[in-house]
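Written below as structure tokens is the structure these notes are about.
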Amino acid sequence: MVVSVKRREGSFQAITRAFRSSQKSLKDALLVQPSPGSAPHVVIVMDALREFTIEPLRWALENIMAAGGVVTLLGIMPWLNIPLSSMTPEVWAVTLEELRVAQEILGYDLRMNSKYLKLQQVVDLCKTFDVVLHKVVVMGFPLRLMVVEKLTAFHPTWVVFDKHLKRNREFFARTIPCSMVMMNENGEADMIRGQPMINSGEFTPSESPASFIPTPELMISDGWNEILNE
Numbered sequence: 017m018v019v020s021v022k023r024r025e026g027s028f029q030a031i032t033r034a035f036r037s038s039q040k041s042l043k044d045a046l047l048v049q050p051s052p053g054s055a056p057h058v059v060i061v062m063d064a065l066r067e068f069t070i071e072p073l074r075w076a077l078e079n080i081m082a083a084g085g086v087v088t089l090l091g092i093m094p095w096l097n098i099p100l101s102s103m104t105p106e107v108w109a110v111t112l113e114e115l116r117v118a119q120e121i122l123g124y125d126l127r128m129n130s131k132y133l134k135l136q137q138v139v140d141l142c143k144t145f146d147v148v149l150h151k152v153v154v155m156g157f158p159l160r161l162m163v164v165e166k167l168t169a170f171h172p173t174w175v176v177f178d179k180h181l182k183r184n185r186e187f188f189a190r191t192i193p194c195s196m197v198m199m200n201e202n203g204e205a206d207m208i209r210g211q212p213m214i215n216s217g218e219f220t221p222s223e224s225p226a227s228f229i230p231t232p233e234l235m236i237s238d239g240w241n242e243i244l245n246e
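Here the sequence shown stands for residues 17 to 246, numbered as in this note's numbering.
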């Protein structure tokens, strides 16, 4: 199925201008009050076929994460007919459990093993900031709808997209109702949507913003196709 989507640049440009006009630092502008009793959850969405870079994770930890929070690395890719490890960088090909076994049970010196080194650096960085790390790799098509499906399940407080997903920026801005940034070529973050809607008073505290993302069934319905083709 081919879906035609018209670009809506006006709304995004307005958000960008408003954000850049602020005199506050980026960290101050992104600071939000978490919902009572809930730990902040940041999902970092990355192209798993590209070389892994730790910069989106480092930016999230330094700017929008709090101790005790959860960060999920979400690697996305199309369906592959070959083993995952032969195509993806080491961070995505190695599971966190495999890393733990290699270190604690087999006694590997991970600093001397290139297969595990980069993922161990990710784990160490998260420990430094006292956050819980999860890592998920998903395959499917179309990629952007798969991202929305996974974010529906994760219910994140914030989403950070890597720079390789910028062609879908406006689609994500329309379909994901939580705070989002996208990394740029300079290793900095561009605002897509600021402040979760749950803090705006539009929804009750018991409602999660992610609950308003269409489910995968709705995304392939006639109604969802009409939205995509507006």
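We treat Cβ as the ideally placed atom computed from N, Cα and C, and that holds for glycine.
At a Cβ-Cβ threshold of 8 Å, K166 and L112 do not count as neighbours. Here P193 is buried. Its C-beta has 16 or more other C-beta atoms within 10 Å. It is roughly 22 Å from the alpha-carbon of R116 to the alpha-carbon of I60. The C-beta distance from V58 to I80 rounds to 6 Å, short enough to meet the 8 Å contact threshold. Around the beta carbon of F188, 16 or more other beta carbons sit within 10 angstroms, so the residue counts as buried. Judged by beta-carbon spacing, V176 lies within the 8 Å limit of V197, meaning their Cβ atoms are closer than that value.
Ranking E71, E67, R66 and P56 by CA distance to the CA of N202 puts E71 first. Sequence-distant partners of F68 (beyond 5 residues in either direction) whose C-beta falls short of 8 Å from its own C-beta, in its chain, are M62, P105, E106, V107, W108 and K134. Shown here, M162 sits in a helix according to DSSP, grouped into three states.
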